[in-house]
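So the structure is just underneath, and the comments pick up after that.
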Amino acid sequence: MVFMQPEDNINIFEVFGFYYDKMIDWETRLRNEGPFFKETVSARGVSRVLDVGCGTGRHAIMFAQWGLDVTAIDPSGEMIEKAGENAKIASAVVKLYQMGADGLGQLNQKFDMVTCLGNSLAHIREKEVLVATIQEFYDCLENNGILIIQMRNYDKVFLNRERYMPLNVYRDHREEVLFLRMTDLISDEQVQFNILVFQREKAGEWKFHVLSEPLTPWRRHDLLAVMAEVGFKNIETYGNYKKRAWSKEESNDLIIIAEKS
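1 is the number of the first residue of the sequence shown in full-length UniProt numbering; add one for each residue after it.
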């Protein structure tokens with residue numbers, strides 16, 4: 001077995017774009033999440049969407065395939081490159097930009113819906129930056145536009161001391177890849193997110209990578225307080241994409257919908 005360690009001080013997703021689509025079963029995930037967004041888009045009359053922290057672009061592509069005008073951003077060049085490849089394969093038109101949320105003013109455009117999914121806000125380390133980011137979301141929305149955020153339910157993670165996420169397995173005719181995700185609960189204000197990637201070609205030797213990054217475990221009350229401070233109204237929270245009521249003890253996810261008014 002061969003161990004391979006990425007260079008120090010590199011964002012985990014700068015080296016993970018190659019693996020990300022192998023770790024996630026996107027067909028199953030979008031089949032589960034799609035109806036939630038489809039219903040929201042239809043009910044709200046959404047036509048222009050901004051996906052912040054778009055990763056490899058799977059949600060943005062889904063929105064574009066519904067005929068929406070979609071812009072997607074991510075600070076990782078690796079992710080934006082992969083998102084472009086995926087959009088081309090899907091024949092979807094998505095405007096892609098490598099930038100963080102602090103650059104949203106450069107887009108000079110208003111949107112009907114802003115999405116920030118995949119636990120992306122956990123990459124923000126400081127409260128002041130979180131407030132500034134939520135303010136950026138607010139400012140780029142049309143009046144009556146909506147913000148949708150999806151996070152891990154860190155209330156539950158800390159309550160139950162949950163460290164391990166389900167093992168993900170990818171196989172094709174060339175290789176087998178195993179993804180073990182684990183969280184070190186450093187303090188109430190910081191966790192260390194680790195991804196152990198075990199990879200081998202058929203009948204070959206196993207190699208493994210360890211990718212790690214500190215995250216901030218923003219809780220429900222943290223996010224709701226900031227959103228109210230910025231000016232969002234009609235804030236709703238759910239525990240999954242079926243709109244099940246959020247539970248501190250049971251929900252794996254925290255999904256927030258808020259309106260600019």
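All C-beta atoms in this analysis are idealised placements derived from N, C-alpha and C, irrespective of residue type, glycine included.
Fair warning: this is a prediction, and the values are worked out from it, not measured in the lab.
Practice item. Please name the residue, chosen from Lys38, Ala132, Phe193, that lies closest to Thr183 on a Cα-to-Cα basis. Key: Of the listed residues, the one whose Cα sits closest to Thr183 is Phe193.
Check your understanding: Taking one C-beta from the segment 102-116 and one from the segment 79-88 each time, how about it: are there three or more such pairs within less than 8 Å?
Key -> no
Exercise for review: List the residues that DSSP assigns as beta-bridge partners of Val46.
Suggested key: In DSSP, Val46 forms no bridge with anything.
Check your understanding: Are Phe37 and Ile148 close, meaning C-beta to C-beta below 9 Å?
Key -> yes
Review point. Rounded to a whole number of angstroms, what is the C-alpha to C-alpha distance between Gly77 and Tyr97?
Key: 9 Å
Review point. For the putative contact between Val157 and Pro217, defined by C-beta atoms under 8 Å, what is the C-beta separation to the nearest angstrom?
Key: 7 Å
Check your understanding: Under the DSSP definition of a beta bridge, which residues are partnered with Pro214?
Key -> Gln192
Check your understanding: How should Ile186 be labelled, buried or exposed, when 16 other C-beta atoms within 10 angstroms of its C-beta is the threshold for buried?
Key -> Around the beta carbon of Ile186, a 10 Å sphere encloses fewer than 16 other beta carbons of the protein chains shown; the residue is thus reported as exposed.
Point to revise | Three or more C-beta pairs below 8 Å linking the segment 229-238 and the segment 197-208 | key: no
Review point. In the DSSP assignment, what are the bridge partners of Asp233?
Key: As written in the sequence, residue 233 is Lys, which differs from the Asp given in the question. BP columns for Lys233 point to Glu259.
Check your understanding: DSSP state of Phe16, grouped into three classes?
Key -> coil
Check your understanding: Touching or not, the segment 234-249 and the segment 166-173, by the rule of three or more beta carbon pairs under 8 Å?
Key -> Taking 8 Å as the limit for Cβ pairs, the verdict is that the segment 166-173 does not touch the segment 234-249.
Exercise for review: Would you mind reading off the limits of the beta strand (DSSP E) that contains Met99?
Suggested key: Unbroken run through Met99: none, as it is neither H nor E.
Check your understanding: With which residues is Cys116 paired in a DSSP beta bridge?
Key -> Val52, Ile149
Check your understanding: From Ile256, Val191, Leu180, Ile195, pick the residue whose C-alpha is nearest to that of His221; which is it?
Key -> Ile256
Review point. Are the beta-carbon atoms belonging to Leu68 and Val46 less than 9 Å from one another?
Key: yes
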